[in-house]
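Beneath this line is the structure, given in structure tokens, with notes to follow.
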Amino acid sequence: MRGFKRSWQFHLMILPSLLFLIVFAYLPMAGIVMAFQDFKLLGGGIFGSPWIGLENFRTMFEREDSLQVIWNTFFIAALKIIFNLLAPFTFAILLNEVRKAFLSRTIQTLVYLPHFLSWVILGGILLNILSTDGGLVNRALGAIGIDPIFFLGEGNWFRFTVIASEVWKEFGYGTIVFLAALANINPSLYEAAEVDGASRWKQTLHITIPSLIPMAVVVGTLSLGNILNAGFDQIFNLYNPLVYEKGDIIDTFVYRTAIMEGKFGFATAVGLFKSIVSMALIVISYRIAYKVANYRVF
Amino acid sequence: MYHKTVPYRIFNLFNTAFLLLLGLLCVLPLIHVLAVSFSAKSAADANLVNLWPVDFTTVAYEKTINNPVFLSSLWVAVKRTVIGTVLTLGLACLAAYPMSKESTVFKGRNVYAWVFVFTMIFSGGLVPFYVVIQKLGLMNNFWVLILPAAVNVWLTILLLNFFRGVPKELEEAALIDGAGHFRTLISIYLPVSLPALATLGLFSMVFHWNSWFDGLLYLHNKADYPLATFLQTVIVQKDMSSMSINPKEMELLSQKTVNAAQIFLGALPVLVIYPFLQKFFVKGLVLGSVKE
Amino acid sequence: MKAFTKKGLLLAVACMMLISLLGACGKADNDGNNAGANNGGANDAGETAETGNGYKDKYDPPVTITTVWGVDPELKFKNGETIENNVATKWAMDTLGIEIKSLWSVTDSNNAFATKMRLALTSGEEIPDVVTIGDAQLAQDLIDSGLFREVGSLFDQYANDTWKAAMAIDENVWNPYTRDGKRMGIPVLDYAYNHDYLLWIRQDWLDKLNLQAPKTLAELETVMEKFKNENPDGLSPDQVTPLSIGFKNKMSTWMGDPSWVFGAYGTLPEQWNAGADGKLEYGSINPGMKQGLETLKSWHDKGYIPQEAALWDENKTAEPAVAGTAGIIPGPYWMSGWPLSDTAKNVPGAVWKPYAIPAGPDGKAMRHGTHFTNGVTLISAKMEHPEALFTYQNYMFDNYADPKPGSVFDNGLFKNYDYDIAEDGTLLRWEDIPGGYVNSVRYLLVRDGARIPDAQMKALLNLADGKEATTRLEKEVQTAYGLETPGAAKVLLSQEDISFKNMFTGPPTETMSSKLDYLNKIELQTFNEIIYGQKPVDAFDDFVSTWKSGGGDKITEEVNTWYDSVK
């Protein structure tokens with residue numbers, strides 16, 4: 000293969016992106032040292048602030064509610080990751096069965112819409128429709144004999160609501176990538192199956208799903224980077240004193256204690272902790288995908 | 239043929255109905271926002287608007303269109319989105335192609351891949367980033383909206399996975415013909431990756447269209463803001479306890495209807511672009527070119 | 153030719169001198185006109201317009217003041233102007249010889265100004281000569297950075313009498329910005345009582361039910377019961393919100409505020425109150441809270457307050473009030489203009505009237521007070537001409553803050569910006585200004601130009617007593633505020649003695665930085681759980697002991713150390 004000798008071309012192709020990353024990502028990473036500093040606004044800066052070792056991390060883990068908050072974050076984020084993967088995956092397959100192109104495209108466009116509304120707006124809408132005091136959802140539940148549910152004021156229901164509304168908001172947008180993967184499936188596979196007399200269910204099971212799995216693995220692995228991001232905008236708009244115990248997450252607490260007060264050292268320390276956990280999970284799942292399925296995610 | 243069987247027809251009927259219902263559920267909030275935008279201020283402030291305007295009026299739209307900042311920020315947003323998307327896609331194609339090769343073909347690929355992914359997870363935070371922006375002279379400069387976000391690692395990795403699906407025979411044929419990798423990328427890979435490129439383009443567009451924080455922090459004048467930044471500054475509710483009271487501004491404060499109009503107008507361009515991109519999701523593109 | 157040029161030059165110089173002389177005459181005239189309001193400035197600066205230390209009424213050549221801006225998102229500009237270059241910067245140059253130079257500006261939403269300020273200074277950008285900060289934490293950090301100078305001596309030396317008198321109304325305004333007895337920042341004065349509250353009640357409902365306005369909590373309960381169960385507008389009980397309040401963010405806030413319920417039992421939550429022993433005490437742990445919580449719980453059980461009050465923020469509490477389904481909403485005196493003026497559009501005949509805060513069983517009543525300051529102006533240690541800031545502000549205090557009729561700013565600040573005059577010489581309503589109203593006061597170097605804390609209340613009281621509007625302030629409050637505002641001001645001031653400010657205004661103490669967020673969290677959580685009946689009222693006692701052992705006692709100690717240092 001003559002391609003071997005051309006590997007300088009490969010390096011050249013990557014170079015522009017690499018330069019951008021060095022300038023805008025790696026250079027600023029020097030700031031990670033702030034995690035180990037009592038970062039002073041002035042008279043210090045990144046290179047002059049006093050070193051305090053792991054003090055910032057101690058502050059983070061010494062709070063009475065540290066474990067609770069980290070667990071809340073992990074729990075909500077993990078379920079969001081799972082359902083944000085399953086929902087678009089399933090939806091793409093179901094949509095694939097709608098034969099009329101017009102219908103299929105209309106549905107695609109409709110489910111894509113909620114992604115574009117901010118949580119400030121959706122928070123207000125949720126407050127209305129989930130109200131125990133004549134909200135749409137509770138009236139519907141009442142019609143089938145279920146007592147009103149305090150969706151936003153009861154800890155477990157709050158978690159449910161946060162996850163469900165996030166999945167509802169994002170599944171349409173997440174579907175796009177699977178639709179693109181579906182478009183890449185070689186139609187001759189289906190033709191062959193048809194000739195063999197395979198049922199549609201069999202075709203889905205043996206052609207469609209396996210073709211989508213690599214994409215699902217890629218999206219799933221990368222989304223592990225969010226394992227400690229439970230969705231600041233959403234929770235910040237929806238949470239309230241009744242659900243602090245089950246709904247307070249790392250980002251809301253960092254916002255209250257560090258961002259509002261300009262404690263950049265502490266914020267960096269929390270960020271570093273989150274990054275390390277995410278990175279560990281990504282490395283693990285990358286390894287698993289490679290060992291089990293011999294597939295390199297990236 | 240399976241789709242003529244009775245069970246499949248029944249399934250298809252229920253499936254379509256279910257998906258339509260789901261679609262309806264997704265469109266309702268937007269209809270609510272639309273209804274608010276066409277309602278009278280007093281009704282909107284009282285939360286009396288559901289899915290249909292109360293006391294229909296187009297005042298909110300007149301105010302929005304007549305706001306010079308809205309129009310200028312719309313233009314900045316279009317500029318940003320077009321330039322940003324083209325640059326992001328270009329860089330992603332260039333970087334994804336070599337990284338889609340096996341490590342037996344391109345030895346350095348694993349290192350590069352991890353170098354890329356690492357930047358998705360770790361960051362130095364706002365402070366050092368701000369210093370870099372400042373030292374590069376990007377402060378209060380349009381390009382601050384473009385350059386820092388030019389490389390999108392997530393999209394690059396997505397694309398490299400799509401590139402892996404390109405049949406090897408195509409590439410080998412090209413290389414044997416003496417084409418370099420640049421030509422192979424452009425004349426072989428890109429034409430068969432249209433669904434992927436449409437997806438990436440859409441993601442990139444949406445990203446650029448919705449980004450607001452950079453504009454707020456690095457640009458000084460409202461007239462230079464992209465639309466998302468401008469909208470962000472009007473949507474956020476004010477905490478009256480921390481500001482001084484000016485009675486004449488009270489009137490301007492409750493702009494629920496105007497905000498709704500701006501949200502809708504602001505989202506409109508990215509909403510209408512999707513149906514146009516859908517034609518790239520046509521099945522069989524890859525196969526078609528193999529047969530050629 | 154040469155000689156001619158020289159002559160020309162001489163002529164030009166002579167002309168210039170003449171012009172400046174005329175200018176000086178014009179100025180003297182002007183001073184004569186407002187001698188009453190203006191004597192402070194005249195005395196300090198003297199007619200020579202120069203004292204030994206560089207202070208001038210007008211600088212020639214001009215001096216430059218650099219600053220940075222956090223622009224209010226709602227602030228509008230016209231004629232293509234920006235915050236850097238507008239009618240106010242031109243005015244400062246022309247009138248005072250002061251060039252306002254902007255280093256940067258940012259639209260202040262999402263806390264952007266504080267973030268930008270921190271980042272800019274951290275990354276070594278130029279320090280502005282003068283900057284006005286609203287964010288309390290940022291102000292404290294900047295003062296502690298050592299980049300800004302002591303200002304107390306400058307203030308004593310240069311500030312005119314009007315300004316000094318305004319500042320002397322409450323000496324405590326300096327407290328937050330004092331370090332070891334040194335005054336490190338000039339407090340930005342605001343109108344008094346802006347965030348004090350009273351009860352807005354639907355007068356038409358009271359009338360139809362033949363009820364008197366409630367003077368005690370017991371009477372209030374009767375009113376709420378009737379509003380709910382015998383609603384005069386024919387609303388069914390579950391549609392009515394008798395008292396619209398919310399606790400999502402705080403128990404002590406600015407609209408839909410519940411803190412007076414605790415005030416009826418002798419404490420105000422979320423602030424530091426002076427105890428009987430002269431020490432400061434955290435209001436949320438006072439035993440009175442328990443009775444307040446019990447009261448709120450019973451109101452919640454009876455449906456007098458929103459069932460989802462825990463999810464409601466301030467703006468949400470206004471919704472039922474505007475919709476016409478709420479009977480009572482606590483809030484500031486200015487609410488009749490916004491948002492309550494819209495109620496009548498949804499429910500014709502709806503009338504809101506202001507009433508005093510009702511008293512508890514022991515006749516006690518308390519409401520939280522408003523500080524007379526809403527920020528601080530800092531002066532860079534490197535500023536060459538700090539006196540220029542005082543030239544600017546002295547002018548504002550003399551001519552803008554509360555001038556007698558006939559002053560330069562008689563009708564407002566800038567013609568065709570925040571006011572305009574019709575062809576027949578009358579003042580236009582602000583909606584009718586050609587090209588639109590813009591609040592050009594916000595273009596000024598120091599936020600809001602100059603405010604004298606008690607001036608607005610005085611103006612409102614004059615109007616409430618039937619006086620015709622003559623001064624600028626009187627005209628302004630008359631045309632711009634809602635109709636009920638003067639009456640509300642009167643009600644508010646009739647209860648002046650029940651207004652209690654947060655007595656702790658210092659920088660956050662050491663223990664606060666590490667413990668306060670968690671303590672606040674369990675506080676709000678416990679209070680809400682008690683109101684919702686998820687925990688018995690006795691959970692309050694557990695909260696108090698947790699609060700004390702979890703850092704609260706230490707914080708109390710630190711707060712009192714600070715209090716002793718400023719007393």
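Protein chains in written order, with my numbering: chain A, 0 to 297; chain B, 239 to 530; chain C, 153 to 719.
Even for Gly, the Cβ is constructed at its ideal location relative to N, Cα and C.
Only a predicted model underlies this, so the values are computations on that prediction, with no experimental measurement involved.
Is there a C-beta anywhere in chain C that falls below 8 Å from the one on K460(B)? The beta carbon of K460(B) falls within 8 Å of a beta carbon belonging to chain C, placing the residue at that interface.
At which residue ranges does the stretch 389-461 of chain C contain complete beta strand (DSSP E) runs of 3 or more residues, listed in the order of the chain? Entirely contained in the stretch 389-461 of chain C, the beta strand (DSSP E) runs reaching 3 residues are, in chain order, 393-395, 424-426 and 432-434.
Beta-carbon spacing of I250(C), K534(C) below 8 Å: Annotated as distal: I250(C) and K534(C), with beta-carbon spacing of 8 Å or more.
Heavy atom of the ligand NAD less than 7 Å from the Cβ of Q443(C), yes or no? Absence of the ligand NAD from the depicted structure is noted, as is the absence of any ligand whatsoever, leaving it without description.
Determine the direct distance from the alpha carbon of Y329(C) to that of E709(C), and round the result to whole angstroms. Cα-Cα distance, rounded: 20 Å.
Under 8 Å between C-beta atoms of T678(C) and F695(C): The answer is yes: Cβ separation under 8 Å.
Mapping DSSP to helix, strand and coil, what is R624(C)? Of the three classes helix, strand and coil, the one that applies to R624(C) here is helix, per DSSP.
Where F252(A) meets chain C, residues with beta-carbon distance less than 8 Å: The answer, in chain order, is D669.
Contact criterion: CB-CB distance below 8 Å. Does D283(B) meet it with respect to chain C? True, the Cβ-Cβ gap to chain C drops below 8 Å.
Go ahead and pull the three-state DSSP assignment for H520(C). It is a strand residue.
Look at L267(A) and M33(A) and say whether their C-beta atoms are less than 8 Å apart. Here the sequence assigns Thr to residue 267(A), which means Leu is not the residue at that position. Yes. Within cutoff.
Short check: CB of D570(C) to CB of V598(C), under 8 Å? No. Outside cutoff.
Enclosing alpha helix (DSSP H) for L613(C) [first to last residue]: First-last of the alpha helix (DSSP H) with L613(C): A607 to A616.
Check for me: the beta strand (DSSP E) holding Y189(A) runs from which residue to which? Premise fails: Y189(A) lies in the alpha helix (DSSP H), P186 to D195, not in any beta strand (DSSP E).
Please state whether the Cβ-Cβ distance between G304(C) and K449(C) is less than 8 Å. Annotated as distal: G304(C) and K449(C), with beta-carbon spacing of 8 Å or more.
Just to make sure I have the definition right: I need the residues of chain B whose C-beta is within less than 9 Å of the C-beta of M33(A). Which are they? At a beta-carbon threshold of 9 Å, the residues of chain B lying near M33(A) are G362, G363, V365 and P366, ordered along the chain.
Considering only the alpha carbon of each residue, which of K245(A), I248(A), A24(A) and I275(A) lies closest to G362(B)? With distances taken between Cα atoms, G362(B) lies closest to A24(A).
Opening and closing residue of the alpha helix (DSSP H) in which K642(C) lies: According to the DSSP assignment, K642(C) belongs to the alpha helix (DSSP H) that extends over T637 to S646.
In three-state DSSP terms, what is P482(C)? It is a strand residue.
Go through its chain and collect everything with a Cβ distance to G601(C)'s Cβ below 6 Å, but skip five positions before and after it. M548, Y552 and V593.
Counting only beta-carbon separations shorter than 8 Å, does L301(A) have a partner in chain C? Residue 301(A) cannot be examined here, being either before or after the span of chain A that is shown, 0 to 297.
Please check if any C-beta of chain B sits within less than 8 Å of the C-beta of M12(A). Cβ-Cβ to chain B under 8 Å: yes for M12(A).
My understanding is that Q423(C) touches H520(C), with C-beta atoms under 8 Å, so please give their C-beta distance in whole angstroms. About 6 Å separates the beta carbons of Q423(C) and H520(C), which is inside the 8 Å limit, making them a contact pair.
In its own chain, which residues sit with a C-beta less than 8 Å from the C-beta of G501(C), not counting the 5 before and 5 after it? Take G501(C), set aside five residues on each side of it, and the residues of its chain with a beta-carbon closer than 8 Å to its own are D356, in chain order.
If we define contact as Cβ-Cβ less than 8 Å, is K442(C) a contact residue for chain A? Under the 8 Å criterion on CB atoms, K442(C) is classed as non-interfacial with respect to chain A.
Helix, strand or coil, according to DSSP, for A511(C) in the structure here? For A511(C), the secondary structure class from DSSP, reduced to helix, strand or coil, is strand.
Consult DSSP for W290(B) and reduce its assignment to one of helix, strand or coil. Annotated three-state conformation of W290(B) is coil, per DSSP.
For D429(C), does the count of other Cβ atoms within 10 angstroms reach 16, so buried, or fall short, so exposed? Label assigned to D429(C): exposed.
Please determine, among V718(C), K497(C) and V503(C), the residue with the shortest C-alpha to C-alpha distance to I480(C). Nearest C-alpha to I480(C) among V718(C), K497(C) and V503(C): V503(C).
Nearest-angstrom Cα distance between D293(C) and F307(C)? The straight-line gap from Cα to Cα measures roughly 22 Å.
Quick one: Cα of V215(C) to Cα of N238(C), how far? Cα-Cα distance, rounded: 18 Å.
Counterpart residues of Y571(C) in DSSP-defined beta bridges: For Y571(C), which the question treats as bridged, DSSP gives the partners K567(C).
Just to confirm before moving on: does the CB-CB distance between K400(C) and W464(C) stay below 8 Å? Contact flag set, yes.
Looking at the secondary structure, which residues open and close the alpha helix (DSSP H) in which I395(B) lies? First-last of the alpha helix (DSSP H) with I395(B): V391 to R402.
By alpha-carbon positions, which one of R331(C), G408(C) and H523(C) ends up nearest to V718(C)? When C-alpha distances from V718(C) are compared across R331(C), G408(C) and H523(C), the shortest belongs to R331(C).
Can you confirm whether K279(B), when its beta carbon is compared against all beta carbons of chain C, has any partner nearer than 8 Å? Cβ-Cβ to chain C under 8 Å: yes for K279(B).
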